[in-house]
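Input: a single structure, listed below in structure tokens.
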Ligand SMILES: Cc1cc2nc3c(=O)[nH]c(=O)nc-3n(C[C@H](O)[C@H](O)[C@H](O)COP(=O)(O)OP(=O)(O)OC[C@H]3O[C@@H](n4cnc5c(N)ncnc54)[C@H](O)[C@@H]3O)c2cc1C
Ligand code: SF4
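Residue numbers (the working numbering), protein chains in the order written: chain A, 289 to 635; chain B, 475 to 756.
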């Protein structure tokens with residue numbers, strides 16, 4: 289049975305304060321001219337009045353830059369050149385007030401980091417340590433199109449708790465055991481009532497008019513789309529700035545680099561982007577994605593076709609609209625998806 | 475579960491110059507912890523990440539054969555950051571090996587079949603592993619006829635010369651060695667590119683004959699039509715591919731061709747599979 293709790297907004301700040309005793313807390317905070325998810329400092333409150341954050345909260349489980357191992361290059365050290373684990377803090381952490389689209393993105397990305405053959409320990413340990421507390425969207429942005437990506441402003445997938453803003457109070461739906469535990473630990477115990485939720489949900493969904501067309505993507509043949517003539521046009525304006533992949537909640541590609549200081553070093557992993565030529569450059573100088581249209585094609589084919597075929601879980605896009613909003617040349621995934629969706633290969 | 479990014483510590487046991495121009499060297503490693511050798515149990519066609527703390531990691535095909543115990547061996551071409559550093563390392567140095575990674579050649583499915591091995595340049599490494607495996611007295615009787623077509627630019631660029639010479643003496647393997655060109659009057663093998671020699675010497679195709687191919691893109695491109703002409707079915711042509719990669723375990727996201735990842739779904743594919751995968755060069 290799913291528990292419904294009523295959180296009086298007067299009691300919210302005190303609850304967050306209590307939570308900070310047993311969780312590392314992450315939440316949206318003002319970041320110069322926008323909002324972003326950060327680890328909350330002692331006494332800091334998440335600012336739940338935000339529209340959407342500029343970057344997705346994927347960094348809570350997948351930091352832009354993360355140490356994997358340390359090592360010593362000092363040959364007088366008996367353990368030199370041997371990789372050592374980095375001490376990590378996987379004590380319980382919680383993200384407060386993330387958007388449902390970003391939470392769904394985390395569950396899509398999980399399929400990449402948690403496979404039958406390999407478990408990525410850094411991503412998975414952070415993920416398992418995290419309780420995801422969502423905040424339903426009452427006023428979606430104009431660029432949001434989550435309702436056509438199998439998600440929505442009240443979507444619950446990937447969340448442990450969903451908060452619904454109900455005027456003077458939040459209606460909190462505990463969706464998992466983890467979620468119940470968090471609510472209890474915040475001292476949120478007043479029984480609530482979810483009867484207002486359905487109507488609010490329908491109202492929020494109705495505000496989202498932008499759509500992405502994807503219904504015919506799964507029946508297309510990879511090679512037909514790959515060989516389609518439109519990629520040069522699609523890619524024409526792109527300046528390969530990588531903003532889209534950086535802001536995207538479902539982009540996960542990373543690079544591994546060793547960083548040395550004197551005789552000590554750290555093996556790091558850093559977010560990377562398929563939009564840069566170096567991403568695929570062979571040592572020989574040969575580059576299978578040397579040209580811009582090849583890289584742009586890779587990004588859209590990955591999100592809208594390869595992922596669709598590989599997992600049968602829909603597209604690798606949750607409709608958060610960040611790439612649409614932030615792309616300096618207005619390249620729009622919805623237009624590209626429509627082009628792909630409508631494409632019929634000449635036989 | 476073990477951290478799949480963590481390399482087993484190894485010691486460089488020997489370094490052998492593999493080609494006259496010294497652009498290739500063969501490195502033999504011994505595991506610092508003997509139990510790691512068991513964990514590293516591999517099959518021919520798989521690769522590993524050679525992990526040099528302070529420099530980085532490189533995916534390299536395993537050149538030794540599972541039948542060779544006590545060490546693991548790789549032949550590396552010097553090209554960029556990590557390979558240059560490796561070429562300057564010395565016997566006794568400590569580094570790491572992570573793997574084994576990727577799918578091997580499907581040798582279990584090839585038992586009872588005739589096999590034509592076609593290799594060129596330094597892509598011969600995992601093919602060497604395969605040949606050594608099949609020629610092992612315990613394994614030889616499980617395979618049919620074995621033909622090997624191997625080409626290098628010139629006689630000085632031929633890898634594993636001593637072994638090739640020894641295989642030449644045997645009657646259970648047909649060696650067809652070629653060089654692109656040479657002015658050495660004592661050269662007693664073929665002269666010409668691999669596709670041309672393949673056309674001349676490869677056995678006619680039948681359902682029982684499989685080709686395993688590994689080489690630079692040009693060699694693959696021109697050898698495929700030759701095999702077509704000889705009647706090889708695309709299901710019977712097995713190739714090993716290469717793309718820039720980092721994690722080697724299907725997670726970092728860069729080595730894909732279409733929805734397949736070369737590191738995890740490959741590097742071994744049949745030509746029939748590749749027909750449905752983009753080549754990424756148009
Ligand atoms: C499955 C597989 C098997 C291979 N087997 C061999 C072999 O037996 N012998 C051999 O000499 N070479 C082999 N290679 C190629 C070898 O991995 C590259 O030459 C090497 O990574 C270049 O590294 P670098 O640091 O010197 O070059 P840089 O250009 O400095 O490369 C930087 C990094 O990019 C990546 N990278 C660059 N080029 C490649 C590439 N072609 N393939 C994969 N990753 C790359 C590596 O992580 C490398 O550390 C193989 C590649 C693959 C994918
Ligand atoms: S944000 Fe726009 S211009 Fe920049 S790489 Fe992405 S598609 Fe290209």
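Even for Gly, the Cβ is constructed at its ideal location relative to N, Cα and C.
- Contact between the segment 564-573 of chain B and the segment 514-529 of chain B is established, with three or more Cβ pairs separated by less than 8 angstroms.
- CA-to-CA, the gap between residue 327 (chain A) and residue 294 (chain A) works out to about 25 angstroms.
- Residue 322 (chain A): member of the beta strand (DSSP E) spanning 322-327, first to last residue.
- Distances between the C-beta of residue 568 (chain A) and the heavy atoms of ligand 2 are all 8 angstroms or more.
- Annotated three-state conformation of residue 543 (chain B) is coil, per DSSP.
- Taking each of A:361, A:382, A:301, A:309 in turn and checking the Cα distance to residue 325 (chain A), the smallest one comes out for A:382.
- In terms of beta-carbon proximity, residue 580 (chain A) stays away from the interface with chain B, with every pair separated by 9 angstroms or more.
- By the CB criterion at 9 angstroms, residue 632 (chain B) and residue 564 (chain B) fall outside the cutoff.
- The DSSP-derived three-state label of residue 724 (chain B) is coil.
- Closest in C-alpha terms to residue 635 (chain A), from the list A:343, A:599, A:513, comes A:513.
- Near chain B, meaning a CB-to-CB distance below 8 angstroms, the residues of the segment 366-381 of chain A are 368, 369, 370, 371, 373.
- Look at residue 300 (chain A): its C-beta is not under 9 angstroms from any C-beta on chain B.
- The continuous alpha helix (DSSP H) containing residue 583 (chain A) extends over residues 580-589.
- In chain order, 297 place their CB closer than 6 angstroms to the CB of residue 456 (chain A), counting only its own chain and leaving out the 5 sequence neighbours on each side.
- Sequence-distant partners of residue 535 (chain A) (beyond 5 residues in either direction) whose C-beta falls short of 8 angstroms from its own C-beta, in its chain, are 342, 343, 344, 610, 611, 614.
- The alpha-carbon separation between residue 741 (chain B) and residue 519 (chain B) amounts to approximately 8 angstroms.
- If you check the CB distance, residue 568 (chain A) and residue 729 (chain B) come in under 9 angstroms.
- Remark: the shortest separation between the CB of residue 735 (chain B) and any heavy atom of ligand 2 does not fall under 8 angstroms.
- At a cut-off of 9 angstroms between beta-carbon atoms, residue 726 (chain B) makes contact with chain A.
- Between residue 616 (chain A) and residue 346 (chain A) the beta-carbon gap is near 21 angstroms, outside 8 angstroms, which marks them as no contact.
- One finds 475, 478, 721, 723, 724, 725, 738 in chain B with Cβ atoms closer than 9 angstroms to the Cβ of residue 406 (chain A), taken in chain order.
- Closer than 9 angstroms at the C-beta level to chain A, one finds these residues of the segment 700-718 of chain B: 716, 717, 718.
- In chain order, 356, 357, 546 place their CB closer than 6 angstroms to the CB of residue 555 (chain A), counting only its own chain and leaving out the 5 sequence neighbours on each side.
- Of all residues in the segment 599-613 of chain A, none places a beta-carbon less than 9 angstroms from a beta-carbon of chain B.
- Residue state for residue 355 (chain A) is assigned as strand, using DSSP reduced to three classes.
- Annotated three-state conformation of residue 505 (chain A) is helix, per DSSP.
- By the neighbour-count definition (other C-beta atoms within 10 Å, threshold 16), residue 669 (chain B) is a buried residue.
- Distance from the CA atom of residue 688 (chain B) to the CA atom of residue 598 (chain B), rounded to whole angstroms, is 7 angstroms.
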